[in-house]
Structure formats: structure tokens, C-alpha cells
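Before any comments, here is the structure.
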Amino acid sequence: MQTDTKLLYQQLPQVGEILETSAMKELVRRYPRPSVLDAVRQVLESIRSEIAQGSHTGQTVSAAIDRLGERVKELLHRGSQAELQPVINATGVMLQTNLGRAPLSEEAIERIGAVARGYCNLEYDLKAGERGHRGAHAEELLLQLAGCDRHQRAPLIVNNCAAAAFLALNSLAEGGEVIVSRGELVEIGGGFRVPEILRKSGARLVEVGTTNRTCIEDYAAAITSETRVILRVHRSNFQIVGFTEQPDLRALMRLGADAGVPVVLDQGTGCVTPLEAFGLGPQSSFLAGVHSGAALVCASGDKLLGGPQCGLIIGEHNAMRRLRANPLYRALRVDKLTLAALEATLLAYLSDRPQTIPTIKMLGLSAEEIRQRCVRWADTMRCDGITAEVVPAASVVGGGTTPGATLPSFAVALQASRVSADHLAALFRSLNPPVITRIQDDLVLLDLRTVPEQMDGGTLISIRDQVHIKMASNASTDTP
Ligand SMILES: *Cc1c(COP(=O)(O)O)cnc(C)c1O
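For what it's worth, the numbering used here labels the leading residue of the sequence shown as 40, then goes sequentially.
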């Protein structure tokens, strides 16, 4: 047995030999030589491990050697392709962090292109002909949109809301105490844990209340000469229901004002539109936070604002001066592409065209509109081996914004006669572009709220054709 395996290893050619073949010489002309060498080694290594696992005979090793060139070529091809690619989000979750949160408006995309193609006045004052302030215009627009008086409030833009909260805590509370309710010591997702961010900021956490109930007296009793900030964290991705209590924002502001302690609001959602208009219940918003009297409010640019990933901060001048002067700000500032997209997004709100922002458009789609499109998708997708029905569904805003809130929607429910729902969902993910679905009760659901209407033509046909071809080849190769 052992000598057998040894013989199999001996059948494998040397790397040098392989590189001398005409197929490899051809590849070396197209790809960097070290990449070709690396790919050859990888393929040889995988054949060796297959031999070690006992999955080869003399014959199959020969076949693997014959296919070696092909496998090297595949590896090189895959390695030279960009990995980050567009996908179709058919989950109905509008802001899905794993899928890149908010799709940008056409105008935002256009601005990114315009600014990226050449040089721009990122930190250059065109009137004065000298160094200017990065993000000045976007910050001005943010202040306008928030309806703030510039003598009272100042804006700042950083990389994301986590960076905003971190910068705020480090600037205002390093070495001191920060009071937080135990009901808000949460993980928002993607590893953003309030207690950890706080510790890293150099502040000491003072927990008050309990998970379900914290009252204003709890905060009051915790204030000492060491208190630097009272922190309120928006419950973005969970709800506490039942026997609960949380002091309202006004009470917290009064307490802060009386004690001379700034209240910092980690709002997260970045919402500037009244969500009640879309049939969602009342939600705390970025705007309400800014006007609540909080010393400083942080939000995400790519949640309900529907813009690029960034962190938006509006606060009192005193506090904001300390953030801007913090050397950490230099490490957390945004790039020109983000600012270009953010300006376009803010301008869409300011010029009363919020529906050009995909997130806002998706929120506003009626269930009936979606149902009609679903009928068309179901009729197109249905075939021998796949049933397709239109079913009621609930779209989720997601992305840590409005926990528990859903919008009535419709979905196409697909079921394949020969493969499981998991298998069918995997098949959709293998399409070009990949389609991300949701599985419910053994059905694969396509919620069209998050699928742009422009895809109802050629894209739908292409998806249908790809699915049918894959199902057919599955049927002929699958062992039951
Ligand atoms: C989403 C969220 C964050 C993190 O925002 P990022 O922009 O993803 O960094 C922080 N705090 C709250 C309350 C959030 O909802």
C-alpha cells in the first residue's frame, strides 16, 4: 500500500518540467511568472493531498496531470478577477450590512466619477487660491439639512458612526467617567460593542440601571466630579419589550444641563425623513436627536440617510472644537469619493428630490406595486421542475435602524421539485450576478422591494435562463 502511494507521487512532474511546457510558456506571457509558479505549486499540492487521502489510482493521477494546465489557467484567471462584485439583493432587507447597506443615487455615483477621474478641490479654496478645509461643503449641507444655526452647532464627517462615537468619547471623556444604561451596553453588529469602544476611548464605564429598566434617578445618582459624558445609545437592532423603562431624551438633557455634563447621543440611523410617512411607527431620528439639546449626536451616512458609508456628527461648538483638534481625527477623516457621494445625497434632500435616493424610493414602494412585479417574475421563472407563486411578505429596513419594524410586501416563492430550498438558494448565489434570496418554510423567496425595477427586463430573462440551464445540468449529473 505504501509503495503504491509512493509510485503515485513519483508520477507527478517537477515544477520546472511543467513550466517548460508550451501551455505554461503561453501563460507566462499573459501573467506574472511568480503568479504562474505559485498556481502550479498550488495545483500540485492539491493533487498530493488527494493522493495522501487515498483518492487516486495510477489512472486518475495521469488524468489529473493531463488537466493540470487547465487548473493552473483557472486559478490564474480567478486570481486576476476582482472579487468585490455587484449582487442582486432579493432578501427584502433594505439596509443589509453584509450586502453593502445603501445603494447610492445616480447623482452620487456621477459625482464620485467626476471627482475620481482627475484632481479636485478637496482641500483647496478656489476663491482664495489657498489651502481650504476638507469636507467644508458637505458639512455645510449637513447643517442646513438638519436645520441648525451655524452659530450654535458645528458639523464633522468621519469614516463611519463607530469612528464618530469613538472620536467623541475619546475627545470628551478620556481619563474620566461615562455613564451608560445597562439596557444600552449592546453590540450593534459587525463587532461594534459599546463597552469595548468606550474602554478603548480611554474612558471609564459607569453602568446604571438594569437591562430592562433605567430611570432618571439612576443617572443622577451616578454623577460625580469625574463624570465627563452621559451616553445614550439608540437601540438600533433590538427591542426591549414588557416591563421596561428608559428616561425620555428631554429628562436626560435637563439632568445633563443641571449637572454641567454633556449628553452624547449615538443615534446610528441617520434618518432625516419622517418614517411615519412610509407606514412605519414613530422612530427616533437623527434630526430629533440634533434638536434635543444633546451636546453631540452621531449617525451613519449609509443607514436611513441612504448615502455613502460615513459618520455624521453635529454638536455644540465647544465639544466639536475638541473633536476637530484631536489627532485621532486625522486617522478617521473621510476620502474625496465619500464626500462627493455625501454631497449629492444631501443635495437630493435639500432640493426636495429624496425619492432619487434608492433607500427612500424602496421605503416608499407600495405592496401593490411590488405584487404586480412579482406576478411577472413568477410567470417568467416558472418551468418544468420549478413552481413559482406570489406570496405576501414583510420587508425589513434592517442595518441596525428600526428593530421590529416591517413593511408589507410581496415575494415570489420558488420551489424546485428535485432539489432542496438550500440547494436552490445556493444555485441563485452562483448566478452572474449572484442573487441573494431568503428561505422561509422550505421556499426560496425573492422579495422584489430591494430589486430595482430596471431588472424586470433583460436581467430577469437572464436569471431565468441561467437557472433553467443549471437545473437541467443538475438533473443530468446529480445522484439522488
Ligand atoms: C449602526 C450603528 C453604529 C455603527 O455605525 P457604522 O456606521 O456602521 O460604524 C453605531 N451606533 C449605532 C446606534 C448604530 O445604529
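Don't be surprised by glycine CBs; every beta carbon is placed ideally from N, CA and C. All figures in this text were calculated on a predicted structure; none of them were measured in a lab.
Inset, instruction - Report the rounded CA-to-CA distance for residue 199 versus residue 215, giving the unit in angstroms. - result: For the purposes of this step, residue 199 is taken as residue 160 along the sequence shown, with counting starting at 1. For the purposes of this step, residue 215 is taken as residue 176 along the sequence shown, with counting starting at 1. Approximately 24 Å between the Cα atoms of the pair.
Legend entry - Host beta strand (DSSP E) of residue 121 (start-end): In the sequence shown, residue 121 corresponds to position 82, counting from 1. Note, residue 121: premise wrong, no beta strand (DSSP E); not H, not E.
Inset, instruction - Use the C-beta contact count for residue 389: other C-beta atoms within 10 angstroms, 16 or more gives buried, fewer gives exposed. - result: Against the sequence shown, residue 389 aligns to sequence position 350. Exposed, since its Cβ has fewer than 16 Cβ neighbours within 10 Å.
Legend entry - Distance cut-off 6 Å: residue 77 Cβ against heavy atoms of ligand 1: Here residue 77 refers to the residue found at position 38 of the sequence shown. Flag unset: Cβ of residue 77 not near ligand 1.
Legend entry - Residue interval of the beta strand (DSSP E) (run including residue 247): Indexing the sequence shown from 1 puts residue 247 at position 208. 243-247 is the extent of the beta strand (DSSP E) around residue 247.
Legend entry - Supposed close pair residue 353, residue 270 - CB separation, criterion 8 Å: Residue 353 sits at position 314 when you count from the first residue of the sequence shown. Residue 270 sits at position 231 when you count from the first residue of the sequence shown. That belief does not hold up - the Cβ atoms of residue 353 and residue 270 are roughly 16 Å apart, past 8 Å.
Inset, instruction - Find out if the Cβ-Cβ distance for the pair residue 526, residue 133 is shorter than 7 Å. - result: Shown here, the chain extends from 40 to 519; a query on residue 526 therefore has no answer.
Inset, instruction - Report the rounded CA-to-CA distance for residue 455 versus residue 469, giving the unit in angstroms. - result: Taking the first residue of the sequence shown as position 1, residue 455 is located at position 416. Taking the first residue of the sequence shown as position 1, residue 469 is located at position 430. Using only the alpha carbons, I get a separation of about 16 Å.
Inset, instruction - Report all residues from its chain with a CB closer than 6 Å to the CB of residue 246; omit the five preceding and five following residues, and keep chain order. - result: As a first step, residue 246 must be located in the sequence shown, where it is residue number 207. The answer, listed in chain order, is 221.
Inset, instruction - Verify the contact flag: residue 186, CB atom, against every heavy atom of ligand 1, threshold strictly below 6 Å. - result: Sequence index remark: in the sequence shown, residue 186 carries index 147 (1-based). No, since every heavy atom of ligand 1 falls outside the 6 Å radius drawn around the Cβ of residue 186.
Legend entry - residue 466 versus residue 122: straight-line alpha-carbon distance, rounded: Position 427 of the sequence shown, counted from the first residue, corresponds to residue 466. Position 83 of the sequence shown, counted from the first residue, corresponds to residue 122. Taking the straight line joining both Cα atoms gives about 18 Å.
Inset, instruction - Check whether the segment 159-166 touches the segment 392-399, taking contact to mean three or more Cβ pairs, one atom from each stretch, closer than 8 Å. - result: no
Legend entry - Cβ pair count under 8 Å reaching 3, the segment 356-366 against the segment 108-125: no
Inset, instruction - Taking 7 Å as the cut-off, decide whether the C-beta atoms of residue 379 and residue 150 are in contact. - result: The residue labelled residue 379 in the question sits at position 340 within the sequence shown. The residue labelled residue 150 in the question sits at position 111 within the sequence shown. Taking 7 Å as the Cβ cut-off, residue 379 and residue 150 qualify as a contacting pair.
Inset, instruction - Could you spell out the range, first to last residue, of the alpha helix (DSSP H) harbouring residue 407? - result: Position 368 of the sequence shown, counting from 1, holds the residue named residue 407. First-last of the alpha helix (DSSP H) with residue 407: 406-420.
Legend entry - Pair within 7 Å by beta-carbon distance, residue 332 and residue 306: Counting from 1 along the sequence shown, the entry for residue 332 is found at position 293. Counting from 1 along the sequence shown, the entry for residue 306 is found at position 267. No; because the gap between Cβ atoms is not below 7 Å, this pair is not in contact.
Inset, instruction - Give the single residue among 89, 348 and 66 whose Cα lies nearest to the Cα of residue 116. - result: Along the sequence shown, read from residue 1 onward, the residue named residue 116 stands at position 77. For residue 116, the nearest C-alpha among the options comes from 66.
Inset, instruction - Apply the 10 Å Cβ neighbour rule to residue 48 and answer buried if 16 or more other Cβ atoms are within range, or exposed otherwise. - result: Along the sequence shown, one-based indexing puts residue 48 at 9. That one is exposed.
Inset, instruction - Below 8 Å on the Cβ atoms is my guess for residue 107 versus residue 82; work out the distance and round it to an integer in Å. - result: Here residue 107 is taken as the residue at index 68 of the sequence shown, counted from 1. Here residue 82 is taken as the residue at index 43 of the sequence shown, counted from 1. At roughly 6 Å, the Cβ-Cβ gap stays under 8 Å, so residue 107 and residue 82 are in contact.
Legend entry - Residue environment, residue 46, which counts as buried when at least 16 other CB atoms sit within 10 Å: Numbered from 1 along the sequence shown, position 7 holds the residue referred to as residue 46. So residue 46 counts as exposed.
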